[in-house]
Amino acid sequence: MDLLHNLNWRHACKGMNGSKVPQEKVDRILEAINLAPTSLGMQAYKVIVIENQDLKQKIYNEACPQQPIIACSHLLLFAPFTQITSEYLDEYFDLIKRKRNPDPEWSKKYRTKIEGFMERNYNNFESWLTKQVYIALGVACVAAANEEVDSVPIEGFDKDALNRILDLPSQHLSSGILLPLGYRDPGKDWMNGQPKVRKDLKDLIEIIK
């Protein structure tokens, strides 16, 4: 099946049935996330994959009482970094060296460019970091649809509680957005079978020639 068919099939699944998603499907979704574009190519976030049912229940009880949290197969948390340290930049440029072996002078200039960007955008840096996870989230939703796996992005949760449960501040991380992966339960998913509500392309797209 083609991509547009699968995107028409997907919806924000409000009720899941607890069935397990095959690991090979999850692996392909995670690989797609890894290939998502990010600003400066830095992947300044971590994706935490939660399968443990007790932990999902704790998140449901204390941070996000929404049915897919406990009925999903895999719960993904996109967690942006709260800061970019010199150590993180060291690791990033070590990775570039291993993958591309660039000219050392280029690496030096590019690092200076990144550090200058960070300094100029200091007051908006948290916003910039948070925006990066939404790019990855979009790719994840498309990849899940392509695997015929249901998903639903969730923002309405207690961020401080989730940070505490997963001890994110100690890792210089903060909870950004949750994405349960699983399979729809028609009896609990009020969105199941509902027609999509989307604008006509002529109302959404403006073409300038």
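Heads up: the sequence shown begins at 3 in the numbering used here, then just goes up one per residue. Beta carbons: idealized from backbone N, C-alpha and C, even for Gly.
**Prompt:** Expressed to the nearest angstrom, what Euclidean distance is found between the alpha-carbon atoms of Asn54 and Lys190?
**Reply:** By one-based count along the sequence shown, residue 54 stands at place 52. By one-based count along the sequence shown, residue 190 stands at place 188. Going by the C-alpha atoms only, they are around 22 Å apart.
**Asked** Name the DSSP bridge partner or partners of Ile52?
**Response** For this step, residue 52 is matched to residue 50 along the sequence shown. In the DSSP output, where bridge partners are listed per residue, Ile52 has Leu77.
**Prompt:** Using the rule of at least 16 other Cβ atoms within 10 Å of the residue's Cβ for burial, across every protein chain shown, is Tyr47 buried or exposed?
**Reply:** Start at 1 with the first residue of the sequence shown, and residue 47 comes out as number 45. Classification for Tyr47: buried.
**Request:** State the Cα-Cα distance for the pair Phe80 and Arg166, rounded to the nearest angstrom.
**Result:** By 1-based counting over the sequence shown, the position of residue 80 is 78. By 1-based counting over the sequence shown, the position of residue 166 is 164. Rounded to whole angstroms, Phe80 to Arg166 spans 15 Å at the Cα level.
**Prompt:** Does the distance from the CB of Leu235 to the CB of Lys60 come in under 7 Å?
**Reply:** Summary: the structure shown does not reach residue 235, with the chain confined to residues 3 through 211, and so no result is reported for it.
**Request:** With distances taken Cα to Cα, identify the nearest neighbour of Ser176 among Gln134, Glu149 and Val154.
**Result:** As a first step, residue 176 must be located in the sequence shown, where it is residue number 174. It is Gln134.
**Request:** Note down the Cα distance separating Cys15 from Val51, rounded to an integer number of angstroms.
**Result:** Indexing the sequence shown from 1 puts residue 15 at position 13. Indexing the sequence shown from 1 puts residue 51 at position 49. Whole-angstrom Cα-Cα distance: 18 Å.
**Request:** Return the Cβ separation of Ala34 and Ala142 in integer angstroms, given the expectation that the two are a contact with Cβ distance under 8 Å.
**Result:** In the sequence shown, counting from the first residue as 1, residue 34 sits at position 32. In the sequence shown, counting from the first residue as 1, residue 142 sits at position 140. Indeed they touch by this definition, with Cβ atoms about 7 Å apart.
**Message:** Taking a contact to mean a Cβ-Cβ separation below 7 Å, would you say Phe127 touches Ser109 in this structure?
**Reply:** For this step, residue 127 is matched to residue 125 along the sequence shown. For this step, residue 109 is matched to residue 107 along the sequence shown. Result no, Cβ atoms of Phe127 and Ser109 do not sit closer than 7 Å.
**Item:** Chain-order list of residues whose beta-carbon lies under 7 Å from that of Thr132 (same chain, five-residue window excluded)
**Value:** Taking the first residue of the sequence shown as position 1, residue 132 is located at position 130. Excluding positions up to five away in sequence, the list reads Pro82 and Gly178.
**Asked** Quick one: is Gln25 buried, meaning 16 or more other Cβ sit within 10 Å of its Cβ, or exposed?
**Response** As a working mapping, residue 25 is identified with position 23 in the sequence shown. Result: exposed.
**Request:** Could you tell me the boundaries of the beta strand (DSSP E) in which Gly184 lies?
**Result:** Indexing the sequence shown from 1 puts residue 184 at position 182. Ile179 to Gly184 is the span of the beta strand (DSSP E), which, as asked, contains Gly184.
**Beta-carbon contacts of Ile86 that lie in its chain and below 7 Å, excluding the five residues immediately before and after** = Residue numbering aside, residue 86 sits at position 84 when the sequence shown is read from its first letter. Excluding positions up to five away in sequence, the list reads Ala46 and Met120.
**Request:** Report buried or exposed for Glu107, applying the criterion of at least 16 other Cβ atoms within 10 angstroms of its Cβ.
**Result:** For the purposes of this step, residue 107 is taken as the residue at position 105 of the sequence shown. So Glu107 ends up on the exposed side.
**Cβ neighbours of Ile156 in the same chain (closer than 8 Å, five flanking residues each side left out)** = The residue given as residue 156 occupies position 154 in the sequence shown. The residues are Cys66, Gln68, Pro70, Ile71, Ile179, Leu180, Leu181 and Pro182.
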